[in-house]
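What follows is a set of notes on a single structure, which appears directly below.
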Amino acid sequence: MSFLHRHRWLTPYLLLAPGIAFLLVFFVVPLGFLGHTSLREGTVQTGYVFNWAWDNYSKAFSEYQEQFLRSLQYAGISTVLALLISYPLTYWIAFRGGRWKNLLLLCIIAPFFVTYLIRTLAWQNILSDDGFVVSVLQTLGLVPDDGRILATSTAVIAGITYNFLPFMALPLYVSLEQIDKSLIEAAKDLYASSTKTFLRVTLPLSAPGVIAGTLLTFIPAAGDFINAELLGTPNQSMIGNVIQSKFLVLTDYGQAAALSVILMAVILVLIVVYTRVLGTERMAG
Amino acid sequence: MTAAAEPQALPRRRVSPLTRAWAFVRRHTLTVFGVLALVYLMLPIAVVIAFSFNDPAGTFNYTWEGFTTKHWTNPFGPIGLGDAVEASIKVALLATIVSVILGTLIALALVRYHFRGRGATNLLIFIPLTAPEIVLGASLLTLFLYLGTALGFWTIVIAHIMFCISFVVVTVRARLVGFDRHVEEAAMDLGANEFVTFFRITLPLIAPGILAGGLLAFSLSIDDFVITNFNAGTTITFPLYVWGAAKLGVPPEVNVIGTMIFGIAILLMLANTLLQWRRNPKGAA
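As given, the protein sequences belong to chains A and B, one line each in that order.
Under the working numbering, the first sequence has 57 at position 44, and the numbering climbs by one with no breaks.
Under the working numbering, the second sequence has 1247 at position 188, and the numbering climbs by one with no breaks.
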């Protein structure tokens, strides 16, 4: 104890030490090994050698460009859809929810309490060929009589949108809820129309929520492989599917690691560009 | 929902019936949209619960065949399902305990002390929250491959602690920020030493935050598929069981267990909300 009294400055480091050490060993160091693996060549039979195998990267780009682009496309569409659904919903809860706010909020996060795989399988069920969604759409003529939704891009995008929607809705709700309602009243007192009030007051004030929400939705969506696997076919396979099968089925570790590094790099670049363009530094807070 | 809160009560002149009608339609459009969005969020949950009572003819639990409660009377009937659930609970308990201890210590250091390396620490906490799960899982796998560690129960536990720490830090830190340090000073003035003060004053006051962090860690752990998939070896957790079964047809017992997890989580959330209300009836947030 007296040692600690004499060296007060040590206290924060002692508090940090165990947790940070754990993260260094099991998060930072593995990223280094991932990078190292991405430059190795070989197979399980011949063994793996490190020989600066940059062609793991060039192959990754040339052979899996399609899956990369598809991942970004699906993630982008899903993020926009999630925003379009979440914004009015959370606006409604934040401004009109009254005393039901907490209960309604619980409804938004409720999907998280159903195991990810099980709720995705439920979508498999809902969108299945003899399910009611398909038959309603067929009756309306929106889907041809022999058409299907399951095993199409639509199903995969629908699944991704649903599964990551709470990541969009929660930060949106927080930023909408924090808006000082008197600012909106002030705008209306000054004869701004509802549309103008929304565009000039509410929307800018909720921007941090929009930015946080889109990032939190886009990032896991771009790396996802569960929806493509359960709701799609190999024609819908995303980069996550390729990484997963190369690591766990084909044991093509070099190529798989190179693909993971590229995915991580693409996402980091997107985050930096996105936050720079929209100019927010509040993300990490 | 009250009409009095609407700004149209302002003494504006000549509000045409058309404008009023438009305002009415728009107000209710938002409500209708909100309700529809909630239905969309609840739909898969309802399907999961409903199909736990289904009596499927074959191995696929897709179409409604008839009501039965037989899956509820013997939820661990299918071979391996009971073991998988048991493994998941063990992993989640261990991961929760360790990540809560490590995470709370980091949160205390971050909120209470100014020290060199604060920014780096914040970054180290922030990156695992934003990195795609597949990259976290893949990089940890490469570490274990280099070390020659046999994959199994303990590598799953390590992986889960790793991704839970950041979530615990963020949750506990949020509660610590509003903490009144005068209470601690008062205890010290009255002759309590650091340890007594910590266990008698600090810990009980930040307990709700720790509890929230622990619940979050537990639910993340029990739900995790992606990172577990990379580091499980031949050990089967509940999500891994579901993944394996998805190809051959998921037994309705999986829906029973999914419903149970959902029910327990909702009950805990409601209990937590009630607890907060009783402590602080006005400032429920």
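Every residue, glycine too, gets a C-beta built ideally from N, C-alpha and C.
Status (buried if at least 16 other CB within 10 Å, exposed otherwise) for residue i
i          : result
Ser1280(B) : buried
Ala1063(B) : Only weak support is given to the placement of Ala1063(B): the predicted model assigns it a pLDDT of 45, under 50, and the question is left unresolved by the model.
Phe1083(B) : exposed
Gln78(A)   : exposed
Val1309(B) : buried
Ile1138(B) : exposed
Gln80(A)   : buried
Met1101(B) : exposed
His1087(B) : exposed
Trp67(A)   : exposed
Glu1192(B) : buried
Leu104(A)  : Contrary to the premise, residue 104(A) reads as Tyr rather than Leu in this sequence. The residue in question, Tyr104(A), is buried, as its Cβ has 16 or more Cβ neighbours within 10 Å.
Leu244(A)  : buried
Leu1307(B) : exposed
Ile49(A)   : The sequence as given places His at residue 49(A); Ile does not occur at that position. So His49(A) counts as exposed.
Glu1312(B) : buried
Met1247(B) : exposed
Arg213(A)  : exposed
Leu196(A)  : exposed
Tyr204(A)  : exposed
Ala1344(B) : Because Ala1344(B) carries a pLDDT of 42, less than 50, the predicted location of this residue cannot be relied on, and the following value inherits that uncertainty. So Ala1344(B) counts as exposed.
Gln268(A)  : buried
Gly1342(B) : Residue placement at Gly1342(B) is flagged as unreliable, the pLDDT there being 47, under the threshold of 50; the coordinate-derived value follows with that caveat. It is exposed - the Cβ of Gly1342(B) has fewer than 16 other Cβ atoms within 10 Å.
Gly1237(B) : exposed
Under 9 Å by beta carbon: chain A residues contacting residue i
i          : result
Ile1148(B) : Correct list: empty, because the minimum Cβ distance to chain A is about 13 Å.
Phe1110(B) : Ala135 and Asn138
Gly1273(B) : Near Gly1273(B) there are no residues of chain A at all, since even the closest Cβ is about 15 Å away, more than 9 Å.
Gly1136(B) : The contacting residues do not exist; Gly1136(B) stays about 17 Å from chain A at best.
Under 8 Å by beta carbon: chain A residues contacting residue i
i          : result
Met1221(B) : Phe35, Leu36, Phe39 and Phe40
Asn1288(B) : Gln257 and Leu261
Val1106(B) : Ala135, Asn138 and Ile139
Ile1224(B) : Gly32, Phe35 and Leu36
Per-residue contacts from residue i into chain B (C-beta, under 7 Å)
i         : result
Pro25(A)  : Ala1168, Tyr1172 and Phe1174
Met181(A) : Chain B residues near Met181(A): none, gap ~12 Å exceeds 7 Å.
Thr50(A)  : Thr1201
Ser219(A) : Going along chain B, no residue has its Cβ under 7 Å from Ser219(A), so there is no contact; the nearest lies around 15 Å.
Pro43(A)  : Ser1198, Leu1199, Thr1201 and Leu1202
Pro233(A) : Pro1191 and Glu1192
Amino acids of chain A, ordered along the chain, whose beta-carbon sits closer than 7 Å to that of residue i
i          : result
Asp1282(B) : Thr128 and Tyr129
Phe1321(B) : Phe126 and Val127
Glu1145(B) : Near Glu1145(B) there are no residues of chain A at all, since even the closest Cβ is about 16 Å away, more than 7 Å.
Ala1324(B) : Phe126
Gly1270(B) : Position check: residue 1270(B) holds Leu in this sequence, whereas Gly was assumed. None at all; the shortest Cβ gap to chain A is about 17 Å.
Thr1122(B) : Asp143
Start and end residues, beta strand (DSSP E) containing residue i
i        : result
Arg53(A) : Arg53 to Thr56
Val62(A) : Gly60 to Phe63
Contacts that residue i makes with chain B (C-beta to C-beta distance below 8 Å)
i         : result
Met277(A) : Ala1190, Pro1191 and Val1194
Ala269(A) : Ala1197
Leu47(A)  : Val1194, Ala1197, Ser1198 and Thr1201
Ser273(A) : Ile1193, Val1194, Ala1197 and Ser1198
Leu102(A) : Phe1092, Gly1093, Ala1096 and Leu1097
Partners in chain B for residue i, counting only beta-carbon separations shorter than 9 Å
i         : result
Gly236(A) : Ala1190, Pro1191, Glu1192, Ile1193, Val1194 and Val1285
Boundaries of the alpha helix (DSSP H) in which residue i is found, first to last residue
i          : result
Leu212(A)  : First-last for Leu212(A): undefined, no H or E at that position.
Asp193(A)  : Careful: Asp193(A) lies outside any alpha helix (DSSP H) and carries neither H nor E.
Pro1187(B) : Arg1177 to Thr1189
Ile131(A)  : Tyr129 to Ile139
Gln249(A)  : No alpha helix (DSSP H) holds Gln249(A); DSSP gives it neither H nor E.
Gly1282(B) : Looking at the sequence provided, one finds Asp at residue 1282(B) rather than Gly. Residues Leu1262 to Asp1282.
Arg1085(B) : Pro1076 to Ala1109
Phe231(A)  : Ala220 to Ala235
Tyr1172(B) : No alpha helix (DSSP H) holds Tyr1172(B); DSSP gives it neither H nor E.
Ile1316(B) : Pro1311 to Arg1338
Arg1234(B) : Phe1212 to Leu1235
Asn69(A)   : Asp68 to Arg109
Asp1248(B) : His1241 to Asp1248
Rounded distance between the beta-carbons of residue j and residue i, thought under 8 Å
i          : j         : result
Ala1080(B) : Phe126(A) : Not really, about 41 Å apart at Cβ, beyond 8 Å.
Looking at chain B, which residues of the stretch 126-154 of chain A have a Cβ within less than 7 Å of any of its Cβ atoms? Phe126, Val127, Thr128, Tyr129, Leu130, Ile131, Arg132, Leu134, Ala135, Trp136, Asn138, Ile139, Ser141 and Asp143
Using a Cβ cut-off of 9 Å, which residues of the stretch 1233-1267 of chain B contact any Cβ in chain A, in chain order? Asn1252, Glu1253 and Phe1254
Identify each residue in the stretch 1083-1097 of chain B for which the Cβ-Cβ distance to at least one residue of chain A is less than 7 Å, and report them in chain order. Leu1089, Thr1090, Phe1092, Gly1093, Ala1096 and Leu1097
Residues from the stretch 61-83 of chain A in contact with chain B, defined by Cβ distance under 8 Å: none
Select from the stretch 1290-1312 of chain B all residues with a C-beta closer than 8 Å to any C-beta belonging to chain A, and list them in chain order. Phe1297, Pro1298, Val1301, Trp1302, Ala1305 and Val1309
Between the stretch 1150-1166 of chain B and chain A, which residues of the former have CB atoms less than 7 Å from a CB of the latter, in chain order? Leu1161, Gly1162, Leu1164 and Ile1165
Relative to chain B, which residues along the stretch 240-253 of chain A have a C-beta separation below 9 Å, given in chain order? Glu242, Leu243, Ile252 and Gly253
Return the residues of the stretch 186-207 of chain A that lie within a Cβ-Cβ distance of less than 8 Å from chain B, sorted by chain order. Glu198, Lys201, Asp202 and Ser207
What residues in the stretch 1175-1186 of chain B bring their beta carbon closer than 7 Å to a beta carbon of chain A? Thr1180, Asn1181, Leu1183 and Phe1185
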